[in-house]
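So the structure is just underneath, and the comments pick up after that.
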Amino acid sequence: MTELTKIIDVDLAEDIKNLVKLNSEVEVIAAVKQKIEEFNNDDLVKVTKEIGSLKIIDVELLDEELLAKEL
Amino acid sequence: MVKVSFERRIFCDDSFIEWLLSHPNKIPVMLKLIRIKKVCKDCKEEHNVITDFDYKKVKNLPKSEYLLRGAVKEVPTDFLEEFEPEIKDDITKRIIIALLLLDQEPYSVYIFTSPQNKSKYQDHSLLVSMKSSVKIKGGEEAVEIIEEFYRKFIRERELSRA
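Set out below in C-alpha cells:
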C-alpha cells in the first residue's frame, strides 16, 4: 500500500496568501510563494500540501482548463 | 474577498453528483458549485454538503477527488445508526440530515437530486407538511439554482469593487 504523503485542497487565493503571511510555520519555496502572490484574491486555487507538515508543495489556478483535465 | 449570504444551503445526493458529472456543462457548473462553497458567509465551508455514505459512493467518479471535496463537504451520519437504527433507506436518512441542517443559517435547504429521484423526496411522509424549509430540485432545476447563486456572487463582488 502506498503511503499518502500529500493532500490536495481547493482554497481561495486570499486565504492562502494570509496563511503564508500570518503563519511562520508554513514552508513554501520562493517560486511557489511568487505564484501565490500573483493570484487575484478571489481566484480559486488548487493547493498541494505535504501531510504532516505545513509545507505548500504547489499551487495552480483552478479554472475551467484545469477542471477539464481533472474532472 | 466578498462573502455572500445565500438563501438556502445546498445538500446534494449521490444521484445528483452522478447526473452532474455526465452533464455537458459539468465543468462550469462544478466550478460555480466550488465557488459557492468557498464564498458563503453563513456556515463557512459547510454550505454545500453531502452525506458520508453518498460521498463514498461518488468519490471516485471525478478523476480527482479533491474537486468533489472542493464542491461539497461530507457530513457524518453514523449517529443515525446509533440513535435511529431502524432507519434503513437512504432517502429517509438524507431527509433527516436535511432537517438537521435547518438549525443553522440560512435555516432552509435545497436538496439537489437527479430528475428521476425528485419524486422520492417530494412524496416522502417527512416532507409532506414542509411547505418551504426544504425544497427539492432535480437535475436542471438544481443547475438553475447554482447559476442563480453564482450570479448573486458576481453582483456582490462587483458592488464590493465599486
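Going down the list, the protein sequences come from chains A and X. Counting in my numbering, the first sequence tops out at residue 170, every number present. Counting in my numbering, the second sequence tops out at residue 163, every number present. The beta-carbon is built from N, C-alpha and C at its ideal position, and this holds for glycine as well. Remember, predicted model here, so these are calculated numbers, not experimental data.
Do the CB positions of residue i and residue j come within less than 9 Å of each other?
i	j	result
Ile18/X	Asp55/X	yes
Phe154/X	Ile37/X	yes
Leu146/A	Arg70/X	The sequence shown places Val at residue 146/A, rather than the Leu named in the question. Against a cut-off of 9 Å, the Cβ pair of Arg70/X and Val146/A comes out as no contact.
Lys168/A	Ile156/A	no
Glu141/X	Lys33/X	no
With a threshold of 16 other CB atoms inside 10 Å of the CB of residue i, please say whether the residue is buried or exposed.
i	result
Ile51/X	buried
Lys151/A	Correcting the residue identity first, residue 151/A is Gly in this sequence and not Lys. Result: exposed.
Phe7/X	buried
Lys45/X	exposed
Ser126/X	exposed
Ser161/X	exposed
Val129/X	exposed
Ala112/A	buried
Leu166/A	buried
Phe80/X	exposed
Arg95/X	buried
Lys79/A	What is shown of chain A runs 100 to 170, which leaves residue 79/A out entirely.
List the DSSP bridge partners of residue i.
i	result
Glu75/X	Ile51/X
Gly139/X	Thr114/X
Ile96/X	In DSSP, Ile96/X forms no bridge with anything.
Glu159/A	Lys145/A
Would you mind working out which of the options sits nearest residue i, comparing C-alpha positions?
i	options	result
Val135/X	Lys119/X, Cys41/X, Glu149/X, Glu141/X	Lys119/X
Asp162/A	Ile88/X, Lys27/X, Lys57/X, Ser133/X	Lys27/X
Gln105/X	Lys42/X, Ser16/X, Glu142/X	Lys42/X
What residues in the segment 125-142 of chain A bring their beta carbon closer than 9 Å to a beta carbon of chain X?
Listed by position, the residues of the segment 125-142 of chain A near chain X (Cβ gap below 9 Å) are Asn140, Asp141.
Taking a Cβ distance cut-off of 8 Å, strictly less, list which residues of the segment 34-53 of chain X are near chain A, in chain order.
Of all residues in the segment 34-53 of chain X, those with a C-beta nearer than 8 Å to a C-beta of chain A are Ile35, Arg36, Lys39, Val40, reading in chain order.
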